[in-house]
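Down below is the structure, laid out as C-alpha cells.
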C-alpha cells in the first residue's frame, strides 16, 4: 500500500472506538467557568477524573476526552461553541467515532427542574434548553438520552438569562456539588443499566434541595 494512503487512513479513521459519547453542555472560556449553565461541562470533568484517558482539542470546535470509565471505552465531549450552537460538534463527534444518536447521552442544566434535582430522560423535546434544541435540530431526532440537573426558576425580578449565567451562592454550593455527583452517577448507571431502572433510581430518590 502506498505511504500516502496509509497516512490518510490513519488520519481519517479514529484509533479509538468508544461505546458511548457523553456530551456536557456549557459555554467556553473563563468568563463562563463555574456558571450554572456550565453544569454539563463540570459533570464531564468529574467523569474524566473517575476514568483513565486524556483530553484533546478536536478540529470541530470541541474538547474531547477518550478513555476508560468503569471498564468501558467512553468519549466525553465539551463543545467549544456557545450552548445554542452545540449540535454541529455533537454530530461531528458521532461521525468521527462511528456512533449513532442512540449511543449519545447529553448532560445539561434545566431551569424548570427544582434546584439540585436530577432527571433522566430517554428522549423528548428540548424543554426550552437551546443546547438540546440545537442537537435535536442538527441530528434530526429527539431520541437522545439526557441527564438534566435542576437549577430552579430565578427569584422574582431576576432575568432567567442572568440566572443561568451566574454562579452558585455559597449557600447553594453544597447542594450543587451533590447534584453534580448524582448526575455523574446517573450517567455511569446509563452505561450499564437500562434507562427505566436508571430513571427509577435517580428521578424519584435524588437528594434535591428542599426549602425548610
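Residue numbers (our numbering): 1 to 212. Think of the CB as a built atom: it goes at the ideal place given N, C-alpha and C, for glycine as much as any other residue. Since this is a predicted model, take the numbers as computed values, not measurements.
query, result
"For residue 93 versus residue 21, is the C-beta spacing smaller than 9 Å?", "yes"
"Where does residue 86 land, buried or exposed, given buried means 16+ other C-beta within 10 angstroms?", "buried"
"Going by other Cβ atoms of all chains shown within 10 Å of its Cβ, with 16 needed for buried, is residue 78 buried or exposed?", "buried"
"Check residue 196 in the structure and name its three-state DSSP category.", "helix"
"Leaving aside the five residues before and after residue 164 along the sequence, list all residues of the same chain whose C-beta is less than 6 Å from its C-beta, in chain order.", "36, 37"
"Once you ignore the five residues that flank residue 154 on each side, which residues in its own chain have a CB closer than 7 Å to its CB?", "160, 163"
"Closest by CA to residue 47, which one among 67, 136, 120?", "67"
"Is residue 190 near residue 145, with beta carbons less than 9 Å apart?", "yes"
"Out of curiosity, what's the CA-to-CA distance linking residue 51 and residue 157?", "42 Å"
"Less than 6 Å between C-beta atoms, sequence neighbours within five positions excluded: which residues of the same chain meet that for residue 61?", "80, 81, 89"
"Could you give the DSSP three-state label for residue 108: helix, strand or coil?", "strand"
"Roughly how many whole angstroms lie between the Cα atoms of residue 19 and residue 103?", "7 Å"
"Going by alpha carbons, who is nearest to residue 70 out of 53, 112, 131?", "53"
"Residues in its own chain within less than 6 Å of residue 28 by CB, not counting five upstream and five downstream?", "80"
"Identify, in the order they occur along the chain, each residue of the same chain with its Cβ nearer than 8 Å to the Cβ of residue 180, setting aside the five sequence neighbours on each side.", "39, 42, 43, 46, 149"
"Relative to the C-alpha of residue 204, which residue among 182, 192, 193 is closest?", "182"
"Could you give the distance in angstroms between the alpha-carbon of residue 175 and the alpha-carbon of residue 117?", "9 Å"
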